[in-house]
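Novice:
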Amino acid sequence: MRESFRRILIISDIEGSSACWNYEASSFMGKGWRDACVGMTRDVSAVVTALSDAGVRDITVKDFHRTGYNLLPEHIDSRARVVSGYKRGPVPGLGDPGNAQAVIFLGMHAASGSAGAFLPHTLTSRIARLEVNGRLMPELALFSAALAPYHLPPVLFSGCPVACDQAAETVPGILTWPIDKSADPERFDAETWRTGLADAAVRSLQNRAVRPWCPDGPFEAVITMRDGVSVARKLSRRWGFGCRGEKIFITAADMAALYSELIRLCYLTPVIEKIIPLSLGLSNLRGKFGLGWIRRGAG
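Numbering (this note's numbering), first residue to last: 18 to 316.
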């Protein structure tokens, strides 16, 4: 039997979690967000418990939705370390991945422009469609490539069926665990689905078929902005990107450069870029406020 991974990094999002069923539930302090955060927490805890019982001795969970403060650490199996908020680097947003041997992606979503997917977007919903070298680009691709220098293979991905299909197409060998959100949420059996997710996580510890994923460049990105021509023109001028109509064009030599340019496009202005430590601090304070609001109602 192949040796199992014993040090795991979990990256957790909310759209593909068990209690997020509409856009408001994914939105900071929106209607249903509190319940979605509780469901996301339960999903993560079930996976942590299963991994720990299977012999994993080091688990780090990174909350990677919106402000990065959606999980309730006190309700997650204490054998994991939960990291909230965003870091400047060395991996953008994530910080230091530590000594993990593999990464598991929980509660994810499909790429911007995906048909038939649940709340598809890449980095921000302001992007209507993101194609790189002629193919839709999911967040899994950006995050996996950013972690590749640390030799972390992405061994498991959970999300809606379209997102899982994209994950399997993007990263050969990755295991997937889908969540079907096309039906009535009142009839969704969260506990049964969560048990299956935890079992899939344990199976992924033996997944040696997948390798750290980072394709060779160059990359030609075409970004279609949801808010149209004026927004595309404004953003392209801000950063010196090409523009035609509602489309912005970015050329990058490698995935790290592409990810960096997309972060600038989606989240930064030249002023904010100069004061990133301060802006991250303010963002994290906002996230902590929201998490306090969740706690007051979560019981």
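Note that beta-carbon positions come from the ideal geometry of N, C-alpha and C, so glycine has one too.
Computed from a predicted structure; not experimentally measured.
In angstroms, rounded to a whole number, what distance separates the CA positions of C260 and T268?
Specialist: C260 and T268: Cα-Cα distance of roughly 12 Å.
Novice: Starting from R146, trace the beta strand (DSSP E) in both directions and tell me its first and last residue.
Specialist: I144 to V149 is the span of the beta strand (DSSP E), which, as asked, contains R146.
Novice: Please state if the CB of G102 and the CB of G115 are separated by a distance shorter than 7 Å.
Specialist: In this structure, G102 does not lie closer than 7 Å to G115 by Cβ.
Novice: What are the uninterrupted segments assigned as alpha helix (DSSP H) that are 4 or more residues long and contained completely in the stretch 34-86, given in chain order?
Specialist: Runs found: 40-43 and 50-70.
Novice: For I93, which of helix, strand or coil comes out of DSSP?
Specialist: Reduced to three states, the DSSP call for I93 is coil.
Novice: List the residues that DSSP assigns as beta-bridge partners of L26.
Specialist: Answer is T77 and V120, bridged to L26.
Novice: Starting from K264, follow its DSSP beta bridges and name the residues at the other end.
Specialist: According to DSSP, which records beta bridges pairwise, K264 is partnered with T241 and R261.
Novice: Who does K104 pair with in a DSSP beta bridge?
Specialist: Answer is G110, bridged to K104.
Novice: Would you grab the beta carbon distance between V99 and D80 for me? Rounded to a whole angstrom, and I think it's under 8 Å.
Specialist: Indeed they touch by this definition, with Cβ atoms about 7 Å apart.
Novice: Output needed for T187: all residues of its chain with C-beta closer than 7 Å, excluding positions within five of it in sequence on either side, in chain order.
Specialist: If we look at T187 and ignore the five residues flanking it on each side, its Cβ neighbours are P155, L157 and A158.
Novice: S21 lies in the beta strand (DSSP E); which residues open and close that run?
Specialist: Note, S21: premise wrong, no beta strand (DSSP E); not H, not E.
Novice: Quick one, which of M242, R250, A274 and R96 has its alpha-carbon nearest P232's?
Specialist: When only C-alpha atoms are compared, the closest one is A274.
Novice: Going along the chain, which residues of its own chain have a beta-carbon closer than 7 Å to the beta-carbon of T58, five neighbours each way excluded?
Specialist: The residues are L88, L89, H92 and I93.
Novice: Excluding the five sequence neighbours on either side, which residues of its own chain have a C-beta within less than 7 Å of the C-beta of A322, listed in chain order?
Specialist: Only positions 18 to 316 of the chain appear in this structure, which leaves residue 322 out of reach.
Novice: Based on the DSSP output, what are the partners of P202 in its beta bridges?
Specialist: Its beta-bridge partners do not exist; DSSP assigns none.
Novice: Return the Cβ separation of L318 and L252 in integer angstroms, given the expectation that the two are a contact with Cβ distance under 8 Å.
Specialist: No answer is possible for residue 318: it lies beyond the span of the chain, which begins at 18 and ends at 316.
Novice: Can you tell me whether F135 is helix, strand or coil according to DSSP?
Specialist: Note: F135 maps to coil in three-state DSSP.
Novice: Let me know the secondary structure DSSP gives T193 once reduced to three states.
Specialist: Here T193 sits in strand by DSSP.
Novice: Mind checking whether A163 and V78 have CB atoms under 7 Å apart?
Specialist: No; because the gap between Cβ atoms is not below 7 Å, this pair is not in contact.
Novice: Report yes if the C-beta distance between G124 and D30 is below 7 Å; otherwise report no.
Specialist: For G124 and D30, yes; Cβs fall inside 7 Å.
Novice: If we count the other Cβ atoms within 10 Å of its Cβ and call it buried at 16 or more, is L136 buried or exposed?
Specialist: Buried: at least 16 other Cβ atoms inside 10 Å.
Novice: List the whole-angstrom C-beta distance separating A185 from T193, where the pair is believed to meet the contact cut-off of C-beta under 8 Å.
Specialist: Yes, they are in contact, since the Cβ atoms of A185 and T193 sit about 6 Å apart, within 8 Å.
Novice: What are the residues that DSSP puts in a beta bridge with P171?
Specialist: V120.
Novice: Between the C-alpha atoms of G257 and F160, what's the straight-line distance to the nearest angstrom?
Specialist: Roughly 24 Å separates the two Cα atoms.
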